[in-house]
Amino acid sequence: MAPKYAPSLRSCLAPLLLFLQTGFIVIYAYLTIIKAYYFSLAEFMDVNVMVILGFGFLCTFPVRYGFSGSGFNLLVAAIATQWAIILNNIESLYYRRKIRLDMESLVVAELCTASALVSIGAMLGKTNPVQLILISLLEVSGFILNKWLLQSFLKLQLVNSIMMLHIFGALFGLMLTWIVCWKGSEEPFEKERSDRKSGLFSMLGAVFLWMFWPSFISVLVHDSPERKLWVVCSTYLALAVSAVVAVVVSVLSSPKGKLNLIHMQSCIFAGGVAVGVSISVVHQPWEAMTIGFVAAIVSAIGFRYLKSHMLLAFHCHDTCAILSTHGLPGLLGWLAHLLLQIKDYDDPTMAIRFAVFHICTLLITITLSLSMGITTGRLSLCQGFHYQQPCTIIKVDNVVFTFSTLDKHWCILSLFYMVAICTIVFPNGFFMSLFKGLLLKWNFWRPPQHNKCFDDQAFWEVGNQYYILPFTM
Amino acid sequence: MAPKYAPSLRSCLAPLLLFLQTGFIVIYAYLTIIKAYYFSLAEFMDVNVMVILGFGFLCTFPVRYGFSGSGFNLLVAAIATQWAIILNNIESLYYRRKIRLDMESLVVAELCTASALVSIGAMLGKTNPVQLILISLLEVSGFILNKWLLQSFLKLQLVNSIMMLHIFGALFGLMLTWIVCWKGSEEPFEKERSDRKSGLFSMLGAVFLWMFWPSFISVLVHDSPERKLWVVCSTYLALAVSAVVAVVVSVLSSPKGKLNLIHMQSCIFAGGVAVGVSISVVHQPWEAMTIGFVAAIVSAIGFRYLKSHMLLAFHCHDTCAILSTHGLPGLLGWLAHLLLQIKDYDDPTMAIRFAVFHICTLLITITLSLSMGITTGRLSLCQGFHYQQPCTIIKVDNVVFTFSTLDKHWCILSLFYMVAICTIVFPNGFFMSLFKGLLLKWNFWRPPQHNKCFDDQAFWEVGNQYYILPFTM
Amino acid sequence: MAPKYAPSLRSCLAPLLLFLQTGFIVIYAYLTIIKAYYFSLAEFMDVNVMVILGFGFLCTFPVRYGFSGSGFNLLVAAIATQWAIILNNIESLYYRRKIRLDMESLVVAELCTASALVSIGAMLGKTNPVQLILISLLEVSGFILNKWLLQSFLKLQLVNSIMMLHIFGALFGLMLTWIVCWKGSEEPFEKERSDRKSGLFSMLGAVFLWMFWPSFISVLVHDSPERKLWVVCSTYLALAVSAVVAVVVSVLSSPKGKLNLIHMQSCIFAGGVAVGVSISVVHQPWEAMTIGFVAAIVSAIGFRYLKSHMLLAFHCHDTCAILSTHGLPGLLGWLAHLLLQIKDYDDPTMAIRFAVFHICTLLITITLSLSMGITTGRLSLCQGFHYQQPCTIIKVDNVVFTFSTLDKHWCILSLFYMVAICTIVFPNGFFMSLFKGLLLKWNFWRPPQHNKCFDDQAFWEVGNQYYILPFTM
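Protein chains in written order, with UniProt numbering: chain A, 1 to 473; chain C, 1 to 473; chain H, 1 to 473.
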């Protein structure tokens with residue numbers, strides 16, 4: 001099984017990565033870089049730890065998917081951050097041919113990457129790395145477009161537009177997994193389970209996310225050092241409340257009255273998500289704590305009931321339950337922002353005005369995330385329809401997949417997106433014709449012949465192997 | 001076995017946590033919060049990492065108790081920190097109805113939580129989460145009372161009174177495990193053992209404690225930035241010496257002449273404990289190194305011989321060997337403080353005066369920790385005596401427990417403590433009558449019918465489970 | 001097997017460590033300590049995390065060697081850092097009897113320790129802890145001598161001379177493993193393999209190294225805060241490129257077209273190594289990215305092909321593949337430094353002058369590392385030759401070792417080095433005669449009778465043991 005699949009991975013993943021990486025270096029070299037002002041090293045490190053270690057090890061819970069969970073996360077983060085730095089500077093690129101590179105642009109890029117990592121959580125175990133890379137690039141592009149719309153037209157602050165990452169990422173990922181894995185997902189994946197040790201590795205990731213979440217939120221709060229520390233305190237309290245309430249709901253909703261470690265891990269930072277979205281109007285710790293309380297309830301109940309409901313009713317298999325982990329708490333935070341802000345206004349006209357603006361913010365985010373998620377998935381599905389018969393619906397140990405032949409069309413689609421961006425950046429038409437020419441002849445994305453979901457063996461050399469003996473080379 | 005136990009966990013843990021968490025939010029909302037001055041974010045993060053990750057993963061060494069070790073630690077830390085913030089402000093609450101919430105109060109609260117986590121180490125694997133929550137609340141209350149006594153009557157500095165946490169936590173935990181687990185502990189627990197992977201998870205926690213210990217100690221040193229960094233250097237050297245000497249003693253005291261990872265883990269930060277207690281008088285690195293040297297010897301010998309001796313002679317089963325890990329190095333640090341301070345005085349009168357004060361410090365701490373530990377345990381045992389016949393002494397795979405029926409009395413006892421505190425904070429008598437009324441009718445703490453020590457299965461959904469299939473929901 | 005070996009460990013390791021540790025405390029006590037200026041706590045913590053956690057857990061990949069990998073790393077780091085602080089102050093010790101102890105001296109000492117940890121990577125699994133301690137002390141001495149030569153004669157900046165640690169450590173370790181493990185290494189070690197969980201522990205270490213590498217490099221850059229943050233950004237980009245390219249090469253070079261986690265781990269920070277060596281001349285991010293690109297290719301190809309080639313052609317078994325992980329990227333960084341610096345010079349005379357200086361830097365480092373590595377290994381081999389027949393070539397499960405009887409001679413050799421240093425520090429001849437006297441009568445380094453490579457059981461109490469039962473004490 002695995003050897004047959006492997007050449008495809010080699011002929012697909014390696015050229016794609018080489019092409020992207022060389023392209024990025026060329027873009028960085030071609031354009032002047034401007035340096036900017038001071039920003040704390042320690043805060044960047046905290047965000048970096050969350051993105052690389054937290055999200056990475058959170059995804060190691062499937063018992064046979066630990067290598068992919070942590071390894072692909074690092075790969076995606078490395079690629080997506082470079083892409084996000086370029087896209088965040090696209091205006092400056094167009095007018096001045098300059099990229100701003102400093103601590104802040106790095107932190108903002110990592111936060112955009114975090115939204116891609118959220119999306120990927122829904123597809124965990126059901127994709128190959130080629131698809132992961134393309135999804136993450138498209139997701140980051142979409143998220144930055146969304147951020148730019150919110151900042152340009154609705155005059156949102158950076159921190160508020162960035163914090164929509166949870167809503168955007170969750171809805172994007174959900175649509176993607178819905179469209180792409182329509183068939184087969186109603187049956188359980190036989191390898192989607194955790195054991196004692198993989199649960200602990202995942203707990204490690206969750207604990208890192210939990211610990212550094214206050215840094216994650218406060219990193220973009222620049223009003224004053226006092227305000228920043230205040231945000232840290234409030235977030236810490238919201239997280240503490242979340243952790244407690246997640247345990248409560250986990251115990252209450254379990255048929256055996258027991259805790260579930262994966263359930264607990266997914267819900268302990270619900271308060272952090274919700275407080276993050278509403279951070280600019282939270283001024284009392286009890287507000288943060290109440291938001292954390294409700295968010296954890298919503299998230300934990302969603303994890304327990306919504307996930308299986310969506311699987312049965314909509315055939316939407318959401319591996320990491322990102323809807324309840326990021327989506328619902330994000331929406332709750334948005335609502336809390338609305339209510340708390342309206343409460344502060346004396347003038348009802350102002351309050352209504354704000355409410356309209358705030359609802360627009362959400363609508364734009366939802367529309368963009370849903371439409372980009374659906375189009376990305378659906379388009380590939382439509383184009384790929386006539387190819388579907390011979391090789392798409394493959395039965396691997398009673399698990400049916402439909403996504404395996406879509407690589408080709410995804411690549412075309414994603415290159416299409418990239419051409420659009422490149423032609424904005426370099427408006428001389430050269431790149432467009434180059435890519436168009438390439439596009440038409442591109443045929444090296446061989447679809448994976450076989451696949452086993454949630455199994456490292458498709459992509460990694462695993463097992464009790466002697467890792468440097470001559471015969472493995 | 002497990003299903004029978006579970007409803008009790010559900011009907012016990014969830015209401016208790018909900019009650020506590022709602023109460024905390026009400027307290028935080030009812031009282032005004034005052035913000036205070038600047039404090040470093042990075043140092044708070046370091047302490048947070050130690051409390052959540054360090055103590056949490058240090059407790060994952062029992063091979064079947066990793067989920068509980070890390071999960072319950074997070075739960076206890078989240079609850080106890082909120083409680084400690086309230087208690088630390090009790091004077092200010094009484095007079096001004098204000099809670100101070102800033103980085104420093106958060107750090108101090110986390111340090112108080114650390115003392116509870118030390119105590120809990122002695123009970124690891126032999127308690128259910130309801131008991132852990134109550135123990136930790138009582139322990140934190142006792143520790144803050146102790147801190148307040150030392151600061152008010154003996155005019156100790158904050159850093160010196162906080163650092164008694166090791167002595168207080170160790171003695172409190174020891175008394176508790178002695179009283180509560182009197183019977184049955186002379187026989188070995190069949191699941192109290194570690195394997196290769198659980199040992200490495202535990203090593204991870206130990207390494208984090210070791211790495212961030214200098215931050216842990218320096219965080220409350222405010223004399224000058226120079227002094228702070230000096231403290232970091234000295235502590236680092238003391239820790240390095242401890243690590244080396246712990247290896248030496250581990251090898252020398254092993255009958256097979258081999259190292260023992262759990263032994264090493266427990267003793268590498270003995271120097272940190274001892275230097276922490278005596279930090280305000282350590283002015284030369286060789287002093288810190290010598291303290292680290294002796295502390296590691298005491299701790300490692302204590303771990304190897306004292307633990308089994310106490311088990312055989314006193315029936316006192318101390319899971320994490322907190323007596324030798326925190327108690328003895330703490331006492332040694334106290335002694336070092338005494339000697340170094342006396343050496344500095346020219347005037348013998350002053351020296352004697354200081355010695356009397358310093359001995360009082362220790363006596364108060366010991367008295368309070370022992371008495372609170374003993375009373376907590378003994379009272380419940382006395383009241384519970386006539387209930388004991390039918391259900392207390394249960395044989396589970398040849399392990400005899402006496403604590404299983406004590407939940408009820410513990411809860412009454414702990415609510416009694418809380419009433420005392422609430423009536424101080426809100427002196428209108430309303431709360432007292434409310435709680436008293438509740439107390440008399442409280443009957444929902446069903447004791448666990450069965451139990452298996454050191455087994456996650458009593459509290460967690462474990463095993464090779466498919467964690468989101470319909471039938472698990 | 002193991003019990004027979006153990007007494008030797010006890011009679012060897014414990015006295016050695018006790019002797020060293022007491023000696024260090026005496027040196028620190030005898031000499032006045034001068035405190036110096038301010039240095040960031042957070043940066044020290046980052047370096048500490050890399051040295052203790054990163055290097056330690058990176059070495060846990062052999063499935064039965066996790067305890068040794070993490071435990072011995074901590075032990076070596078604790079000893080070597082103390083030694084490095086002393087050696088770094090040897091001039092000041094000689095003239096003024098003072099040691100400078102502050103954050104910077106601690107950070108520099110930890111970086112010197114890192115060079116020893118690099119060397120030890122080549123010997124991982126094939127040594128006992130006594131040998132590890134001695135190797136690390138000698139390596140640190142050699143590296144500091146090299147650093148001193150570069151700084152004194154070639155007027156190199158501190159950061160440039162320190163960053164030669166990768167080249168020095170790799171070549172030293174390579175020579176050592178070549179000389180010492182000549183025989184037997186052509187056959188595979190049966191226990192040198194990883195499994196799913198040990199791979200993840202190792203990934204954890206690699207991820208920590210990757211995340212904190214920017215701190216590791218920027219910590220000694222003092223030009224300006226702006227320059228420091230610029231270094232962090234560039235290094236981050238180089239690391240991101242490395243991670244991507246490491247995946248590419250890993251996939252391309254695998255016969256099955258699959259990724260290899262250990263391969264990926266070893267190569268993701270190749271860019272960090274190379275950029276570190278050339279950091280003082282990297283002024284554009286694309287330069288850093290290109291260096292990272294090439295470094296990752298060199299490192300990943302080296303790991304895949306060079307390691308087995310060296311094993312077959314030179315009988316040089318390099319466990320962690322330090323040649324390709326640290327050696328080749330270090331050399332590449334040196335080359336990049338040369339090219340970038342020359343490019344900047346307008347005046348060809350200056351450029352040639354710089355090139356000569358720069359080549360001298362490399363030649364000194366290579367000469368010193370090779371000669372010290374070879375002499376250390378060869379000398380012991382020569383002296384030990386006539387002892388070799390009866391006990392050296394032992395067959396343990398078809399694995400042949402030659403190093404097992406060399407302890408004695410190594411100890412003599414290392415004490416010889418130490419005498420040299422102590423007589424410089426304390427030039428009264430007392431120490432020299434003391435040590436000389438000791439040397440001649442020293443006979444307690446019993447060689448290990450049996451050994452199993454890559455097995456914790458030789459040194460640790462492992463297995464499903466009940467770790468505090470009476471019979472284990």
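Ideal Cβ positions, reconstructed from N, Cα and C, are used throughout, including at glycine.
Query, Result
"When you compare the CB of ASP102(A) with every CB in chain H, is at least one pair closer than 9 Å?", "yes"
"Based on Cα-Cα distance, which residue from ILE52(C), TRP460(C) and ALA170(C) lies nearest to LEU239(A)?", "ILE52(C)"
"Do SER119(H) and ALA170(H) have their beta-carbon atoms positioned less than 9 Å apart in this structure?", "yes"
"Taking the straight line between their C-alpha atoms, what separation do you get for SER369(A) and LEU20(A)?", "24 Å"
"Should GLY257(A) be counted as a contact of the ligand SAH given a C-beta to heavy atom distance under 8 Å?", "For the structure depicted, the ligand SAH is absent and the ligand set is empty, with no information on it obtainable."
"Express the C-alpha separation of ALA336(H) and ALA296(C) in angstroms, rounding to a whole number.", "47 Å"
"Assign LYS126(A) to one of two classes, buried (16 or more other C-beta atoms within 10 Å of its C-beta) or exposed (fewer than that).", "buried"
"With C-beta atoms as the reference, is ILE79(H) less than 9 Å away from SER136(H)?", "yes"
"Please go through the same chain and pick out, in chain order, the residues whose beta-carbon is closer than 8 Å to the beta-carbon of TRP210(C), but skip the five residues on each side of it.", "LEU239, ALA243, ILE268, PHE269 and GLY272"
"If the criterion is Cβ atoms closer than 9 Å, does the pair PHE72(H) and LEU134(H) meet it?", "no"
"Is the Cβ of SER129(A) closer than 9 Å to any Cβ of chain H?", "In the sequence as presented, Ser is not what sits at residue 129(A); that position holds Pro. Cβ-Cβ to chain H under 9 Å: yes for PRO129(A)."
"Specify the secondary structure class of ASN88(C) as computed by DSSP and reduced to three states.", "helix"
"Going by beta carbon distance, what residues of the same chain come within less than 6 Å of TRP83(H), once the five residues before and after it are set aside?", "LEU137 and VAL140"
"Nearest chain H C-beta to ASP46(C) closer than 9 Å, yes or no?", "yes"
"For a quick check, are the C-beta atoms of PHE24(H) and ILE86(H) less than 9 Å apart?", "yes"
"How close, in whole Å, do the beta carbons of VAL219(C) and LEU13(H) come, if the pair is a contact with beta carbons under 8 Å?", "Contact doesn't hold; Cβ gap of about 35 Å is too wide."
"Taking buried to mean at least 16 other C-beta atoms within 10 Å of its own C-beta, is THR319(C) buried or exposed?", "buried"
"From the beta carbon of ALA116(A), is the nearest beta carbon of chain C less than 9 Å away?", "no"
"Opposite ILE144(H) in the DSSP bridges: which residues?", "According to DSSP, ILE144(H) bridges with nothing at all."
"Check whether the Cβ atoms of PHE459(H) and PRO225(H) lie closer than 9 Å to each other.", "no"
"Could you spell out the range, first to last residue, of the alpha helix (DSSP H) harbouring LYS197(H)?", "196-218"
"For PHE471(C) and LEU323(A), what's the separation of their Cα atoms in angstroms?", "The predicted model places PHE471(C) with a pLDDT of 35, which falls under 50 and marks its position as unreliable; any figure quoted below should be read in that light. Rounded to whole angstroms, PHE471(C) to LEU323(A) spans 21 Å at the Cα level."
"Answer yes if the stretch 272-288 of chain A comes into contact with the stretch 227-241 of chain A, meaning at least three C-beta pairs across the two stretches below 8 Å, and no otherwise.", "yes"
"LYS197(H) versus chain C: which residues are under 7 Å apart at the beta carbon?", "LYS197"
"If we define contact as Cβ-Cβ less than 9 Å, is GLY125(A) a contact residue for chain H?", "no"
"Any C-beta of chain C within less than 9 Å: which residues of the stretch 215-239 of chain A qualify?", "SER215, SER218, PRO225, GLU226, LYS228, LEU229, TRP230, VAL232, CYS233, SER234, TYR236, LEU237 and LEU239"
"Who are LYS343(A)'s beta bridge partners in DSSP?", "Note: LYS343(A) sits in no beta bridge, so no partner."
"Assign PRO15(A) to one of three DSSP states: helix, strand, or coil.", "helix"
"Are the C-beta of GLN82(C) and some C-beta of chain H separated by less than 9 Å?", "no"
"So ILE99(C) is in the beta strand (DSSP E); what residue range does that whole segment cover?", "98-100"
"On the criterion of 16 or more Cβ atoms from any shown chain inside 10 Å, does residue 474(A) qualify as buried, or is it exposed?", "What is shown of chain A runs 1 to 473, which leaves residue 474(A) out entirely."
"Indicate the three-state DSSP secondary structure (helix, strand or coil) for PRO448(A) in the structure shown.", "The predicted model places PRO448(A) with a pLDDT of 37, which falls under 50 and marks its position as unreliable, so this point remains unresolved."
"Check whether the stretch 40-51 of chain H and the stretch 292-308 of chain C are in contact - that is, three or more C-beta pairs closer than 8 Å.", "no"
"Determine whether the Cβ of GLY69(H) lies closer than 9 Å to any Cβ atom of chain A.", "no"
"Can you give me, in chain order, the residues of the stretch 138-165 of chain C that have a beta carbon less than 7 Å from any beta carbon in chain H?", "none"
"Name the DSSP beta bridge partners of TRP460(C), please?", "LEU259(A)"
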